[in-house]
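First the structure, in the form of structure tokens, and then the observations on it.
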Amino acid sequence: ILGAIKGEGLSDAICIVVRYFGGVKLGAGGLIRAYGGTGRLVLRSAPCEVHVPKRTMRIATRTANSGVVYAVSAKFGGVTS
């Protein structure tokens, strides 16, 4: 499953595969291939969301500089209040 996650170019991802049959007919190698293949199929069909870390900052500056602060914040998708 980790190989499937890395193969899809993802990081910080969770992929859960549930197996309902408790036997070992596939063997260890077969189980690894089955879990990895299933994980890969799910990762390819699931929607992918990019989460950008956000940080709250408090800036103290002169009023004359407030225009620059607002402009830089807007340029990088920041929200000011």
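Residues 30 to 110, numbered by the numbering used here, are exactly what the sequence shown covers, in order.
Even for Gly, the Cβ is constructed at its ideal location relative to N, Cα and C.
Review point. At which residues does the alpha helix (DSSP H) containing GLY56 begin and terminate?
Key: 56 to 74
**Study point:** Three-state secondary structure (DSSP) of LEU97
**Key:** Just to set this straight, residue 97 is Val in the shown sequence, not Leu. Here VAL97 sits in helix by DSSP.
Check your understanding: How big is the Cα-Cα spacing for GLY65 and LYS83?
Key -> 33 angstroms
Check your understanding: Which class does LEU31 belong to by DSSP, given the choice of helix, strand or coil?
Key -> helix
Practice item. Drop a sphere of 10 angstroms on the beta-carbon of ALA33, count the other beta-carbons inside from all chains shown, and report buried for 16 or more, exposed for fewer. Key: buried
Exercise for review: Keeping to the same chain, check which residues put their C-beta closer than 6 angstroms to that of ARG69; ignore five residues upstream and five downstream.
Suggested key: ALA33
Practice item. Please classify ILE43: is it buried, with 16 or more other beta-carbons within 10 angstroms of its beta-carbon, or exposed? Key: exposed
Point to revise | Given LEU72 as reference, the closest of ARG48, THR90, GLY36 once Cα atoms are compared | key: GLY36
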